[in-house]
Amino acid sequence: RFDTQRAQLEANNLELKKEAEAVATKLEGQIFTAIRSAGDTGQLYGSVSTRDISDLVTEGGFTIERRQVVMERPIKTLGVHDISVALHPEVLVKVMLNVARSEDEAIRQAAGEDVTVVKDEVIELETFDPEVFEEGAAPAESGEDAPATDDSEPEKAAK
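Numbering (the working numbering), first residue to last: 674 to 832.
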């Protein structure tokens, strides 16, 4: 009796594994985009959880459950993240999740651009004033902080 149940379970498992492998060939390497609000440093105002990822993958035409998304902790930063999806205990698939503030930013990130660094450089260029300091020059000193001048030399020349 147990042998017949075992054979039936193994047959079902094999069939499920074949179905999972068929889906895996289509799902492997797919890129999904999550648009979230974030600060200038790239920290999200919130996070992207397994539920969000399973919803994105399902919207992309693949039916998965949130328990199939393998993550240690929710995603809390902008960028392109590798996500594992366990379609079957023996079938693990890697997909990419692009977390960005806008569609335009998602395209730039997918091309390899680090959008948080670009923001920092733009802010730095906006606040930098080349007139303030010239290369190798020190700020002009005035008042009490000014160096003392040697007035004795000109007096001797006047005599």
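Note that the Cβ used here is the ideal one computed from N, Cα and C, for glycine as well.
Item: Within a Cβ cutoff of 7 Å, which residues of the same chain sit near Q716, ignoring the five residues on either side of it in sequence?; Value: K749, T750
Item: If you draw a straight line from the C-alpha of A695 to the C-alpha of L729, how long is it?; Value: 20 Å
Item: Given that a residue counts as buried once 16 or more other Cβ atoms are within 10 Å of its Cβ, and exposed if not, what is Q782?; Value: buried
Item: Going along the chain, which residues of its own chain have a beta-carbon closer than 7 Å to the beta-carbon of K690, five neighbours each way excluded?; Value: H761, E763, V764
Item: So L717 is in the beta strand (DSSP E); what residue range does that whole segment cover?; Value: 716–721
Item: Just the C-alpha distance for A711 and A693, rounded to the nearest angstrom, thanks.; Value: 35 Å
Item: Would V766 and A697 be called neighbours here (beta carbons separated by less than 7 Å)?; Value: yes
Item: Cα-Cα, which of F735, R739, D713, T714 is closest to I704?; Value: F735
Item: How would you label Q741, buried or exposed, when you count the other beta carbons within 10 angstroms and need 16 or more for buried?; Value: buried
Item: Expressed to the nearest angstrom, what Euclidean distance is found between the alpha-carbon atoms of A784 and E688?; Value: 39 Å
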